[in-house]
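One structure below.
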RNA sequence: UGGGGCGUCGUCAAGCGGUAAGACACAGGAUUUUGGUUCCUGUAUUCGGAGGUUCGAAUCCUCCCGCCCCAGCCA
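Residue numbers (my numbering): 6 to 567.
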């Protein structure tokens with residue numbers, strides 16, 4: 006369990022556990038589990054659950070298992086189990102040798118069902134799926150008993166064993182619990198325990214053609230593993246009476262189930278169904294598209310595990326449905342990278358400038374601090390010459406008063422270099438677009454200090470043209486422009502933010518970046534934090550993903566003016 | 001409509017009968033060779049509403065209102 010220096014906040018689950026500890030409710034250590042179904046990639050909502058379950062186990066001297074809920078072979082596969090293991094590990098958690106699968110317990114689960122049949126608490130039903138639905142009743146009307154509800158124990162046992170033996174087609178029989186068809190809780194109206202599925206299972210192969218439902222498997226799996234606290238999301242609260250019923254009828258270890266609200270995040274979607282659609286319909290590049298809220302996407306974007314853990318700590322855990330502002334996630338990564346990321350200069354939208362009074366073939370190496378937050382990170386040299394690139398945004402021909410940067414006749418500082426004054430503007434004769442600036446530098450201001458105490462309003466970044474490394478930079482923004490895309494009526498397609506990805510292929514970076522290794526992170530001064538994409542970068546061409554921008558006060562001022 | 005939950009600042013969220021933590025966001029200001037960082041300062045006389053109990057209520061009781069979940073042989 007990693008140490009992030011953030012003390013866990015009080016929450017109702019921790020309160021319950023501390024209470025249990027005080028009253029000695031359990032004879033053993035605290036035991037939790039993270040129980041994903043391997044039918045898709047994990048997302049930031051799962052990270053909340055992972056941090057919760059592993060975090061609690063570690064903080065209270067307990068253990069946390071990883072258990073795959075693989076009871077529906079049609080939707081599950083190995084790719085997903087591998088990706089889940091990768092993601093949990095990447096987040097910094099270790100399940101040691103406690104990697105389990107519901108399918109490990111198929112035999113035990115089968116015996117549990119036999120046990121219930123013998124106790125006359127379960128029966129084989131031969132109604133069709135549609136008939137079962139009809140017999141179930143509605144929210145307000147009670148259901149009706151199946152005509153097969155009172156089969157004898159012997160007949161039930163025989164049928165169940167023949168179901169297992171493969172004698173029947175899918176859908177012809179199910180095993181149901183015999184509870185109460187008139188219960189106001191629909192989960193108690195004789196729920197299905199086993200169904201026939203002639204499907205290949207990714208772990209048990211063709212050994213089984215009947216599979217337990219989630220409801221019948223989950224609680225018993227927790228019980229078998231000696232779980233003390235089964236932490237799950239709110240929608241399972243209605244199922245708890247059913248799980249209690251199973252555990253009591255079977256007379257086996259009874260974990261305490263606690264439900265909490267799942268995470269919702271602004272400007273994205275977090276339902277597996279929608280995520281899988283984004284991937285399959287090609288709205289994004291894949292599960293690891295850096296815009297995706299999946300762990301794989303977040304990792305590819307350049308977020309760190311620590312920042313995700315910190316985020317999960319800060320959002321808290323409660324029972325109220327809520328929508329967390331994605332700005333908090335962004336804050337968490339900025340906070341970490343401000344401390345850790347080396348600073349470099351890179352120009353995304355280059356504008357050529359010529360320093361007219363700088364000698365034609367001269368090159369100076371200037372000292373630049375690697376991280377003002379951490380002197381131990383040292384300094385580096387950046388080359389300066391007559392021909393430079395600056396950011397197009399850092400020049401305005403007719404600037405408003407609030408604009409501090411370069412303009413005709415104005416003076417600014419080039420970071421770590423010199424003061425320069427803009428003396429001329431070269432435009433494309435046909436389009437009128439500014440294509441080059443003519444400037445004069447003040448040799449007395451070398452390094453950026455002015456001996457005469459002269460002040461300058463802005464410091465801008467730059468890159469020496471002849472020394473620059475050309476790279477591709479991918480600017481990412483929120484996947485959805487809308488704060489809550491779920492509010493959109495289920496239309497024909499997704500309204501993915503058209504500006505969620507911007508690819509810039511001729512960015513000019515300072516030469517030290519030629520040695521940047523894939524997977525490393527930098528702050529491009531004044532622009533944001535960037536990650537060397539480990540998938541698309543190679544020795545010749547580097548690809549940088551923008552993780553997040555810096556806080557941008559100027560953008561705010563501009564927005565207000567507009 | 002039957003059942004189960006939930007409602008504390010713009011967003012999360014602590015609070016568990018003794019007089020509203022914290023974080024993000026937002027707004028000012030200071031410092032700054034990143035309009036970054038950091039640092040101050042401000043921001044719920046009030047806890048969905050109305051009654052009641054109490055010396056005292058966000059916390060207990062009653063009623064009302066709003067939102068979420070459940071009618072898969074999905075999880």
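We put the CB at the ideal spot given by N, CA and C, even for glycine.
- Message: Going by beta-carbon coordinates alone, are residue 350 and residue 466 separated by less than 7 angstroms?
- Response: yes
- Would you say residue 359 and residue 392 are within 7 angstroms of each other, going by their C-beta atoms? yes
- State whether the region 340-348 contacts the region 368-377, with contact taken as three or more CB pairs (one from each stretch) at a distance under 8 angstroms. yes
- Quick one: give me the first and last residue of the beta strand (DSSP E) that residue 123 is part of. Here residue 123 belongs to no beta strand (DSSP E); instead the alpha helix (DSSP H) covers 111-123.
- Count the other CB atoms, across all protein chains shown, that sit within 10 Å of the CB of residue 547; report buried if there are 16 or more and exposed otherwise. buried
- Proximity of residue 335 and residue 553 at Cβ, strictly below 7 angstroms: yes
- Message: Please state the DSSP three-state secondary structure of residue 511.
- Response: strand
- Query: Does DSSP put residue 325 in a helix, a strand or coil?
  - Reply: coil
- Message: Does residue 280 come out as helix, strand or coil in the three-state DSSP assignment?
- Response: helix
- Message: Measuring CB atoms only, is the region 30-41 touching the region 64-71, in the sense that at least three cross pairs come out at less than 8 angstroms?
- Response: yes
- What is the DSSP secondary structure of residue 106, counted as helix, strand or coil? strand
- Among 254, 129, 150, 493, which one has its Cα closest to the Cα of residue 138? 150
- Do you know whose CA, among 113, 62, 379, 130, lies nearest residue 99's CA? 62
- Message: In the DSSP output, which residue or residues are listed as bridge partners for residue 427?
- Response: 444
- Task: Whole angstroms is fine: what's the gap from residue 419's alpha carbon to residue 550's?
- Result: 25 angstroms
- Query: Does the distance from the CB of residue 268 to the CB of residue 53 come in under 7 angstroms?
  - Reply: yes
- Query: Using 8 angstroms as the Cβ pair cut-off and three pairs as the minimum, do the region 14-28 and the region 310-323 touch?
  - Reply: yes
- Determine the direct distance from the alpha carbon of residue 389 to that of residue 365, and round the result to whole angstroms. 12 angstroms
- Message: With three or more C-beta pairs closer than 8 angstroms as the rule, is the region 86-97 touching the region 142-158?
- Response: no
- Boundaries (first-last residue) of the beta strand (DSSP E) holding residue 554: 548-554
- Would you call the region 117-137 and the region 168-181 touching, i.e. three or more CB-CB distances under 8 angstroms? yes
- Item | Test item: CB-CB of residue 298 and residue 333 under 7 angstroms | no
- Measure from the alpha carbon of residue 9 to the alpha carbon of each residue in 435, 469, 311, then state which is nearest. 311
- At what residues does the beta strand (DSSP E) containing residue 217 begin and finish? 215-217
- Residues sharing a beta bridge with residue 237, DSSP: 264
- Message: I need the straight-line Cα distance from residue 88 to residue 425, nearest angstrom please.
- Response: 52 angstroms
- Task: Give every residue of the same chain whose Cβ lies closer than 7 angstroms to the Cβ of residue 506, excluding the five residues on either side of it in the sequence, and list them in chain order.
- Result: 296, 479, 481
- Query: Can you tell me the Cα-Cα spacing of residue 164 and residue 253, whole angstroms?
  - Reply: 25 angstroms
- Task: Excluding the 5 residues preceding and the 5 following residue 251 in the sequence, name in chain order all residues of the same chain whose CB lies nearer than 6 angstroms to its CB.
- Result: 224
- Name the DSSP beta bridge partners of residue 467, please? 395
- Quick one: what's got a C-beta closer than 7 angstroms to residue 148's C-beta in the same chain, skipping five residues either side? 140, 141, 142, 186, 187, 194
- Task: Using 10 angstroms around the beta-carbon of residue 313, count the other beta-carbons present and answer buried if the total reaches 16, otherwise exposed.
- Result: buried
- Task: Whole angstroms is fine: what's the gap from residue 124's alpha carbon to residue 154's?
- Result: 14 angstroms
- Task: Can you tell me which of the three DSSP states residue 401 falls into?
- Result: coil
- Item | Validate contact between the region 510-526 and the region 437-450 using beta carbons, cut 8 angstroms, 3 pairs | no
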